[in-house]
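Engineer: Mind having a look at this structure? Questions to follow.
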Amino acid sequence: MHHDKRQKILAAAADIFATQGFHQTTIEQIADVAGVGKGTVYLYFKNKKGLFDALLLESSQRVLKRTKEVVQAHTNPLERMRMLTHMQLQILKQNHPLMQMIMREFSPDKLKDLRPELEQHMRELMALYTLVLEEGIAAGYLRQHNPQVIALAFLGAVNQIGANLNNGRLQVSLAECEEELYQFLIAGLQREGN
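Just so you know, we're using the working numbering here: the sequence shown kicks off at 1 and counts up by one.
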């Protein structure tokens with residue numbers, strides 16, 4: 001029950017932050033949408049910023065967990081890349097209002113308190129992508145390249161595509177974006193004959 005209330009509060013906060021922005025959102029609004037008392041919110045979170053920070057960290061942890069699941073579920077490096085492309089774009093699509101609010105209202109210096117934990121999640125994410133690429137090279141599926149550079153380029157491309165899909169500048173389907181990005185990556189990375 002304890003965990004359920006906390007999750008309801010986080011879900012309500014994500015919805016309200018996404019539509020109204022951080023500064024316009026109140027703890028009272030979050031409590032109302034979550035179906036709990038204002039005091040209950042404060043049992044779980046010190047203040048609105050603490051609630052927002054928890055939301056960011058849990059989102060980051062979810063991305064990392066889903067990435068690990070995809071990597072473990074698929075052994076073929078090409079299939080892994082396809083599924084990672086799909087998974088990352090799906091996450092961005094599902095969370096786009098919240099992501100837009102974060103980009104709009106929070107500069108990196110405002111997130112400095114979270115930076116060590118978010119940086120650790122990013123390092124782990126990069127390590128997973130780098131591992132997938134290294135295994136693809138070792139298995140002969142992918143040509144020689146710098147896996148760290150390509151992992152970073154991949155994540156950057158996914159983020160830009162997701163952002164432009166979500167703000168309406170890119171007027172194509174999510175499925176088309178997934179396929180185009182995957183083909184772009186594979187055209188540059190795949191070894192001839194595979």
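All C-beta atoms, glycine included, are put in the ideal place defined by N, C-alpha and C.
Gln-190 and Leu-131 - do their beta-carbons sit closer together than 8 Å?
Structural biologist: Looking up residue 131 in the sequence shown gives position 131. Looking up residue 190 in the sequence shown gives position 190. Not in contact: Leu-131 and Gln-190 (Cβ atoms no closer than 8 Å).
Engineer: Look at the alpha carbon of Thr-25 and the alpha carbon of Asn-76, and state the distance between them as a whole number of angstroms.
Structural biologist: Within the sequence shown, numbered from 1, the residue matching residue 25 stands at position 25. Within the sequence shown, numbered from 1, the residue matching residue 76 stands at position 76. Roughly 45 Å separates the two Cα atoms.
Engineer: Measure the beta-carbon distance from Val-33 to Ala-18 and round it to whole angstroms, keeping in mind my assumption that it falls under 8 Å.
Structural biologist: As a first step, residue 33 is located in the sequence shown; it is residue number 33 there, counting from the start. As a first step, residue 18 is located in the sequence shown; it is residue number 18 there, counting from the start. The Cβ separation is near 12 Å, so there is no contact.
Engineer: Among Leu-152, Leu-125, Ala-153, Gln-144, which one has its Cα closest to the Cα of Glu-69?
Structural biologist: As a working mapping, residue 69 is identified with position 69 in the sequence shown. The residue with the shortest Cα to Cα distance from Glu-69 is Leu-125.
Engineer: I'd like the ranges of any beta strand (DSSP E) spanning at least 3 consecutive residues and lying wholly in the region 108-161.
Structural biologist: Scanning the region 108-161 from its first residue to its last, no whole beta strand (DSSP E) run of 3-plus residues comes out.
Engineer: Excluding the 5 residues preceding and the 5 following Ala-151 in the sequence, name in chain order all residues of the same chain whose CB lies nearer than 7 Å to its CB.
Structural biologist: Position 151 of the sequence shown, counted from the start, is the residue given in the question as residue 151. Met-126, Tyr-129, Thr-130, Leu-133, listed in sequence order.
Engineer: Looking at the structure shown, is Gln-190 part of a helix, part of a strand, or coil, going by DSSP?
Structural biologist: Here residue 190 corresponds to residue number 190 of the sequence shown, with the count starting at 1. In this structure, Gln-190 counts as strand in the three-state DSSP scheme.
Engineer: Grouping DSSP H, G and I as helix and E and B as strand, with all else coil, what is His-23?
Structural biologist: Your numbering for residue 23 matches position 23 in the sequence shown. It is coil, neither helix nor strand.
Engineer: Please classify Arg-82: does DSSP put it in a helix, a strand, or coil?
Structural biologist: For this step, residue 82 is matched to residue 82 along the sequence shown. Reduced to three states, the DSSP call for Arg-82 is helix.
Engineer: What do you get for Val-149, buried or exposed, if any count of 16 or more other CB atoms within 10 angstroms of its CB means buried?
Structural biologist: The residue given as residue 149 occupies position 149 in the sequence shown. Burial call: exposed.
Engineer: Using CA atoms only, rank isn't needed, just tell me which of Ile-186, Glu-179, Asp-4, Lys-46 is closest to Gly-136.
Structural biologist: Looking up residue 136 in the sequence shown gives position 136. It is Ile-186 whose Cα lies nearest to the Cα of Gly-136.
Engineer: Does the beta-carbon of Gln-59 have 16 or more other beta-carbons within 10 angstroms, so that it is buried, or is it exposed?
Structural biologist: The residue you call residue 59 lines up with position 59 of the sequence shown. Going by the sequence as given, residue 59 is Ser instead of Gln. Label assigned to Ser-59: buried.
Engineer: Quick check on DSSP: helix, strand or coil for Asn-166?
Structural biologist: As a position in the sequence shown, residue 166 is number 166, starting the count at 1. Correct three-state label for Asn-166: helix.
Engineer: Which residues in the same chain as Ile-9 place their Cβ atom closer than 8 Å to its Cβ, once the five residues preceding and following it in sequence are excluded?
Structural biologist: Translated into positions along the sequence shown, residue 9 becomes position 9. Hits under 8 Å: Ile-30, Ala-31, Ala-34, Val-36, Thr-40, Val-41, Tyr-44, Phe-45, Leu-51.
Engineer: Please classify His-2 as buried or exposed, where buried requires at least 16 neighbouring CB atoms within 10 angstroms.
Structural biologist: Looking up residue 2 in the sequence shown gives position 2. Exposed: under 16 other Cβ atoms inside 10 Å.
Engineer: Rank Val-172, Lys-93, Pro-147, Gln-120 by C-alpha distance to the C-alpha of Asn-166 and give the top, closest one.
Structural biologist: Locating residue 166 in the sequence shown gives position 166, counting from the first residue. Per the Cα distances, Lys-93.
Engineer: Let me know the alpha helix (DSSP H) ranges lying completely inside the region 44-96, each 4 residues or longer, listed in chain order.
Structural biologist: 48-73, 77-94
Engineer: On a Cα-Cα basis, can you pick out the residue from Gln-171, Glu-192, Gln-7, Phe-154 that is closest to Arg-82?
Structural biologist: Within the sequence shown, the letter at position 82 stands for residue 82. Residue Phe-154 is the option with its Cα nearest to Arg-82.
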